[in-house]
Amino acid sequence: MTKSIMIVGVGGQGSLLASTLLGKLLVTEGYDVKVSEVHGMSQRGGSVVTYVRYGDKVYAPIVEKGDADCIISFEKLEAARWVQYLKKGGVIITNTQQIDPMPVVIGATEYPSEILSELSEKVTVDALDALSLAEEAGSSKAVNIVLMGRLARQLDIPYEKWEDALRLVVKPKFIDINLKAFALGYNYSE
Amino acid sequence: MKELLIGNAAVARGLYEAGCSIVSSYPGTPSTEITEFAAKYDDIYCEWAPNEKVAMEVAFGASVRGKRTCCCMKHVGLNVAADPLFTLSYTGVNGGLVICVADDPGMHSSQNEQDSRHYAQASKVPMLEPSDSKEALEFTKLAFELSEEFDTPVFIRMCTRVAHSQSIVETSERVLPEDKPYEKNPQKFIMVPANAKLRHPVVEQRTLDLTAYAETAEINREEYADSEFGIITSGTCYQYVKEVFGESVSVLKLGMVNPMPVERIRNFADKVKKVYIVEELDGIIETHVKNLGIECTGKEMFTNIGELSQLSVATAFGMDMPEFASVDTNVPGRPPVMCAGCPHRGMYYTLAKNKITVLGDIGCYTLGAMPPPNALDTTLCMGASVSGLHGYNKAGGKDTEGKTVCVIGDSTFMHSGITGLVNISYNASNSTVIILDNSITGMTGHQQNPTTGYNIKGDPAAKIDLETLCKAVGINRVRVVDPYDLAQCDAVLKEELSAQEPSVIISRRPCVLLKSVKLKPALTVCKEDCKSCKMCMKLGCPAISMHEGKADIDATLCVGCGVCTQLCKFDAIKDGGEC
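From first to last, the protein sequence lines are chains W and R. For the first sequence, our numbering begins at 25 and goes up steadily by one. For the second sequence, our numbering begins at 226 and goes up steadily by one.
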């Protein structure tokens, strides 16, 4: 049975490291894995998405509507943008951070401030302030790893394996910050 | 060894293992990483050529000398390289020659979604189409063997979903092919009419030979199941078909999409009651199958616009949409934007302020078309801004000269802007060309180019001097401005537009994302000084927004470029800590 995970956010937020970590971990666990992302135009502050699929044998590299077991969103508006891709019974893990898109910045439209509560009425949402937790870990750039820590709760892979995979993808001088960020995400409770 | 690689890295690995020794390419999404990954292997000489035509001709020369060689480009790059392509088909090769072309169905980062398979058919060059990274590696190696066996260039057709998807590959060691010394052979390599007339029948025979190969080739594969109907497909569409049907339907997977087999398709069609064709973009397999007199269903079920997916395949076959949730709230779009501190912003602000008509080009600066600054009027293809400006001014005369410019990046100018500038000079239009020189090829992810002073490896290289180049083609008025200096941009723009001869303005400042660029501390808005006039908002800087009626600068995005400071009439924008 193929599992589908989506990592969504705003171009430049560091989703690449998150998908690299996840890919390496899943390969090590012996799964067939496909990770798909789009480069180029969309990376310049636009909405970005990475698809991760794994199982005994994975065919399609992309995730479609109603197919994702879990969506990890780096920004709350992006969680709403991609919610149609969530499978019935799936979980959205989202950072509560707000990043105004250009139509909001220039006043053409408003940021829907109640978007998280509306989402929570429709699907299971696990929301956390990953930016604050990342800063607590020692770097605002570790938002991606905080969210991976949160994802670890959803997957049936031992905590130590995640730590091993982190050591493979993070430079040694940043590993302590990232291990802490991962733990903060994993252990977070409201 | 097993590795998780994106398709483009797998092609690069295939180049390495096949003993390819020369790669020349021009960057273009989604093909760029092939050459970037190939450049990591010290055994392969790699370069960024100024454009795809040059790259393909470099590959031709390297092949004539007897080396295995490759050139890579995006689908529209193949238009630029079409001239050498069609005759390269006639000459054939000495060392194996592989052309990697990456299509972009859905136009994630492209100006059209042309289907490169048309080129394979038109130029009579074989084309292999991998469906994942494993095949990308294997097919690349096979392509060199076919190239040398059948004396032809060979296409590898990638698409975004294969190029940028990671999947597991099995790697092996590099094997160098036997050296093939160059032997003079005018009838093969000098394509004048007398020789080309002899080569054309060779090309036609080659297609027959390749068709015979396709009848038994392992890269074309039947997967029979106990099903009523059968599907003929290729590339990423094969993955969608398998995702939907698993082992429950008969499939003929074409690894070689040009030329296609005849007897194998007849046999496959005989074994199933109904044949469906699943292919992205144009109905090329479908046309081939129908030309064989075989009934099939293709484009009447599947669109020729954009990408397919497992969902579009499933619903086309009448399956239900899965359940999914959605929100009632309107979710604002999040289009890509020019980065905070982008050097293009100051020049675009100046052009918009002066209500200038702007012919645009291809690169990050195409984002200047978005509001604000909403500054562009056209975008066609690489280099078209310069040549288009000349045509626009020839048509408009005094009505448009002085009110119209074109903008083109440094890399795009080297790619195909120079010839347009030669035309402006030679055929004398009073045109003003603005080169947005950010000292890098930006949109594709920071590739070096002939104006940067570095090669693909990051080693120092000859640096083309844009001022000297423009003067050499006959432009007397060449000005350089700093786009962070709005007053200077405005003054120079007005001077050059009022001049009665062609001119070039080089708007020069390196891309703010370059590691070599030292960023300044973030600026802040002193709330008590902000009069909410929103002048700073006209820049369209993602770091500036209005909060509770006052301008606000996001310190995590701001790089202190100071362009907004120049617009604020109330001196409300200050260095961090001054408020």
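Quick reminder that beta carbons are idealized off the backbone N, C-alpha and C, glycines included. Being a predicted model, the structure only gives us computed values, none of them experimental.
Identify the continuous alpha helix (DSSP H) that holds residue i and give its terminal residues.
i                : result
HIS333 (chain R) : Here HIS333 (chain R) belongs to no alpha helix (DSSP H), and DSSP marks it neither H nor E.
ASN483 (chain R) : Here ASN483 (chain R) belongs to no alpha helix (DSSP H); instead the beta strand (DSSP E) covers 481–483.
LEU764 (chain R) : No alpha helix (DSSP H) holds LEU764 (chain R); DSSP gives it neither H nor E.
ASP308 (chain R) : 307–316
ASN202 (chain W) : 199–211
GLY286 (chain R) : 277–289
TRP106 (chain W) : It is not in any alpha helix (DSSP H) - TRP106 (chain W) carries neither H nor E in the DSSP assignment.
GLN391 (chain R) : That residue, GLN391 (chain R), is in no alpha helix (DSSP H); its beta strand (DSSP E) goes 390–395.
THR461 (chain R) : 460–470
MET668 (chain R) : Element bounds for MET668 (chain R): n/a, residue is neither H nor E.
Report yes if the C-beta distance between residue i and residue j is below 8 Å; otherwise report no.
i                : j                : result
VAL318 (chain R) : ASP376 (chain R) : yes
MET771 (chain R) : CYS793 (chain R) : no
LYS359 (chain R) : GLU395 (chain R) : yes
LEU143 (chain W) : THR120 (chain W) : no
THR26 (chain W)  : VAL73 (chain W)  : no
GLY253 (chain R) : LYS292 (chain R) : no
GLY471 (chain R) : CYS589 (chain R) : no
VAL611 (chain R) : PRO767 (chain R) : no
ALA42 (chain W)  : MET126 (chain W) : no
THR294 (chain R) : CYS245 (chain R) : yes
TYR251 (chain R) : GLY302 (chain R) : yes
ASP91 (chain W)  : SER28 (chain W)  : yes
THR625 (chain R) : ASP602 (chain R) : no
VAL877 (chain R) : GLU692 (chain R) : Because chain R is modelled from 226 through 804, residue 877 (chain R) falls outside the range shown and cannot be assessed.
ASN663 (chain R) : ASP635 (chain R) : yes
ILE700 (chain R) : LEU764 (chain R) : no
GLY209 (chain W) : ALA151 (chain W) : no
VAL289 (chain R) : PHE414 (chain R) : yes
GLU53 (chain W)  : ILE181 (chain W) : yes
ILE502 (chain R) : VAL487 (chain R) : no
VAL167 (chain W) : ILE95 (chain W)  : no
ALA345 (chain R) : ASN483 (chain R) : yes
LEU217 (chain W) : ALA207 (chain W) : There is no way to answer for residue 217 (chain W), as the model of chain W reaches only from 25 to 214.
Could you tell me which of the options sits nearest to residue i, measuring between CA atoms?
i                : options                                : result
ALA697 (chain R) : R:TYR651, R:GLU504, R:LYS775           : R:TYR651
MET481 (chain R) : R:GLU520, R:ILE456, R:ARG491, R:THR441 : R:THR441
GLU398 (chain R) : R:MET226, R:LYS578, R:ARG491           : R:MET226
ALA776 (chain R) : R:PRO675, R:CYS758, R:PRO484, R:SER654 : R:CYS758
ARG491 (chain R) : R:ASN337, R:LEU646, R:GLU447, R:LEU722 : R:GLU447
LYS112 (chain W) : R:GLU726, R:ALA550, R:ALA494, R:HIS569 : R:ALA550
LEU782 (chain R) : R:ALA419, R:ILE259, R:ALA747           : R:ALA747
THR637 (chain R) : R:ALA620, R:VAL658, R:GLY622, R:LYS623 : R:VAL658
LYS498 (chain R) : R:THR522, R:THR312, R:THR512           : R:THR522
LYS688 (chain R) : R:GLY678, R:CYS695, R:LEU694, R:ALA421 : R:GLY678
VAL788 (chain R) : R:GLY608, R:GLU370, R:HIS569           : R:HIS569
THR790 (chain R) : R:ASP451, R:ALA780, R:VAL750           : R:VAL750
Output the boundary residues of the beta strand (DSSP E) element that contains residue i.
i                : result
ARG704 (chain R) : 702–706
THR657 (chain R) : 657–662
LYS48 (chain W)  : Looking at the DSSP string, LYS48 (chain W) is not in any beta strand (DSSP E); the run it does join, the alpha helix (DSSP H), is 39–52.
LYS499 (chain R) : 499–503
ALA776 (chain R) : 775–778
VAL73 (chain W)  : 71–79
VAL149 (chain W) : 148–152
SER97 (chain W)  : 92–97
GLY634 (chain R) : 629–634
With a threshold of 7 Å (Cβ to nearest heavy atom), would residue i be considered close to the ligand HEM?
i                : result
LYS623 (chain R) : In terms of ligand content, the structure shown is empty, and the ligand HEM therefore cannot be addressed.
Exercise. Is the segment 373–390 of chain R touching the segment 458–470 of chain R in the sense that three or more CB pairs, one from each, lie closer than 8 Å?
Worked result: Between the segment 458–470 of chain R and the segment 373–390 of chain R, the count of Cβ pairs shorter than 8 Å is three or higher; the stretches touch.
Exercise. Do the segment 730–738 of chain R and the segment 590–609 of chain R make contact, defined as three or more Cβ pairs closer than 8 Å?
Worked result: Result no; under three Cβ-Cβ pairs closer than 8 Å.
Exercise. Is the segment 665–685 of chain R in contact with the segment 530–540 of chain R, if contact means three or more CB pairs nearer than 8 Å?
Worked result: Contact fails: fewer than three Cβ-Cβ distances are below 8 Å.
Exercise. Three or more beta-carbon pairs under 8 Å between the segment 548–559 of chain R and the segment 86–104 of chain W, yes or no?
Worked result: Counting Cβ pairs under 8 Å, three or more are found: they touch.
For this session: Would you check if the segment 629–636 of chain R and the segment 569–583 of chain R touch, i.e. whether three or more CB-CB distances between them fall below 8 Å?
Result: Taking 8 Å as the limit for Cβ pairs, the verdict is that the segment 629–636 of chain R does touch the segment 569–583 of chain R.
For this session: Anything in the segment 751–764 of chain R with a Cβ closer than 7 Å to a Cβ of chain B? List those residues in chain order, please.
Result: Among the chains of the structure shown, chain B does not appear; the protein chains present are W and R.
Exercise. Is the number of C-beta pairs between the segment 346–361 of chain R and the segment 427–443 of chain R that are closer than 8 Å three or more?
Worked result: These segments touch.
For this session: Closer than 8 Å, Cβ to Cβ, to anything on chain W: give me those residues from the segment 553–566 of chain R, in chain order.
Result: So the close ones are ASP553, THR554, ASN555, VAL556, PRO557, GLY558, ARG559, PRO560, PRO561, VAL562, MET563, CYS564.
Exercise. With a cut-off of 8 Å, do at least 3 Cβ pairs link the segment 53–64 of chain W to the segment 104–111 of chain W?
Worked result: Cβ pair count under 8 Å is below three, so no.
Exercise. Are there three or more Cβ pairs, one per stretch, closer than 8 Å when the segment 744–758 of chain R is compared with the segment 705–725 of chain R?
Worked result: With the cut-off at 8 Å, the segment 744–758 of chain R and the segment 705–725 of chain R do not touch.
Problem set entry | chain W contacts from the segment 578–590 of chain R (Cβ-Cβ distance under 9 Å) | Residues are counted here when their Cβ sits less than 9 Å from a Cβ of chain W; for the segment 578–590 of chain R these are CYS589, given in chain order.
Exercise. The segment 200–211 of chain W: which residues have C-beta closer than 7 Å to a C-beta of chain R, in chain order?
Worked result: If the cut-off is 7 Å between Cβ atoms, the segment 200–211 of chain W has nothing near chain R.
For this session: Using a Cβ-Cβ cut-off of less than 8 Å, give me the residues of the segment 164–175 of chain W that come near chain R, in sequence order.
Result: Shown in chain order are the members of the segment 164–175 of chain W whose Cβ falls below 8 Å from a Cβ of chain R: SER164.
For this session: Quick one: which residues of the segment 383–408 of chain R get their C-beta closer than 7 Å to a C-beta of chain W? List them in chain order.
Result: Going along the segment 383–408 of chain R in chain order, one finds THR385, ARG386, HIS389, SER390, GLN391, SER392, ILE393 with a Cβ nearer than 7 Å to chain W.
Problem set entry | Residues from the segment 81–102 of chain W in contact with chain R, defined by Cβ distance under 8 Å | Per Cβ criterion, the list reads VAL82, TYR83, ALA84, PRO85, ILE86, GLU88, LYS89, GLY90, ASP91, LEU101, GLU102.
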